[in-house]
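This report concerns only the one structure given below.
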Amino acid sequence: MTDSQSEKDYVPFIVNRGLGYFADTVLLANEMNVNCHVDSKMQYDFLKQTVKKKKRWSKWLKEDESNSEKIKIICDYFGYNRSNAKHVVNLFDSNGYKVMKKSLNKGGISNN
């Protein structure tokens, strides 16, 4: 980090999350998570000195899109937030989702 702006732009969480995907850097990322109280510049310097130069390619994990419609139905039907809906999404079968979706139908033209 050469200036104060780059120091402000450094986000340790994102860096540690990215390093957590690889076997050779996961322990370093965990060490930085344990020592989260350390200044950002010190974290940057530590990682710069310990992480070996290497090409690392990995896709970022994303939320499972297959349950997104089911989660939305549960949120609307029961008034749950997304976190609670994710916990109960596997408790219902496809027939239960059809019943909930039908009861949430407010009429009008649908795109289905």
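Counting in our numbering, the sequence shown runs from 5 upward without gaps.
Ideal Cβ placement from N, Cα and C applies to all residues, glycine included.
Just so you know, these numbers come straight off a predicted model, no measurement behind them.
Taking only the alpha-carbon atoms, compute the straight-line gap between residue i and residue j and give it to the nearest angstrom.
i, j, result
"Asn99", "Gly112", "23 Å"
"Ile77", "Lys90", "11 Å"
"Trp61", "Val55", "15 Å"
"Asp7", "Lys102", "57 Å"
"Leu65", "Tyr81", "28 Å"
"Val38", "Ser72", "33 Å"
"Glu35", "His41", "11 Å"
"Leu108", "Ala27", "46 Å"
"Asn88", "Cys79", "9 Å"
Is DSSP giving residue i helix, strand or coil here?
i, result
"Val15", "coil"
"Ser70", "helix"
"Asp80", "helix"
"Gly100", "helix"
"Ser10", "helix"
Can you tell me which of the options puts its alpha carbon nearest to the alpha carbon of residue i?
i, options, result
"Val19", "Tyr84, Ser8, Asp49 and Asn94", "Asp49"
"Gly83", "Trp64, Met104, Ser70 and Asp68", "Met104"
"Ala33", "Arg21, Val42 and Ser44", "Arg21"
"Lys57", "Lys63, Leu23 and Asp68", "Leu23"
"Ser70", "Ser44, Asn39 and Val93", "Val93"
"Ser44", "Asn85, Lys106, Leu108 and Lys12", "Lys12"
"Lys59", "Tyr25, Asn88, Ser87 and Gln9", "Tyr25"
Is it the case that the Cβ atoms of residue i and residue j are separated by a distance below 9 Å?
i, j, result
"Lys74", "Phe96", "yes"
query: Can you find at least 3 beta carbon pairs, one from the stretch 37-48 and one from the stretch 13-27, that sit closer than 8 Å?
result: yes
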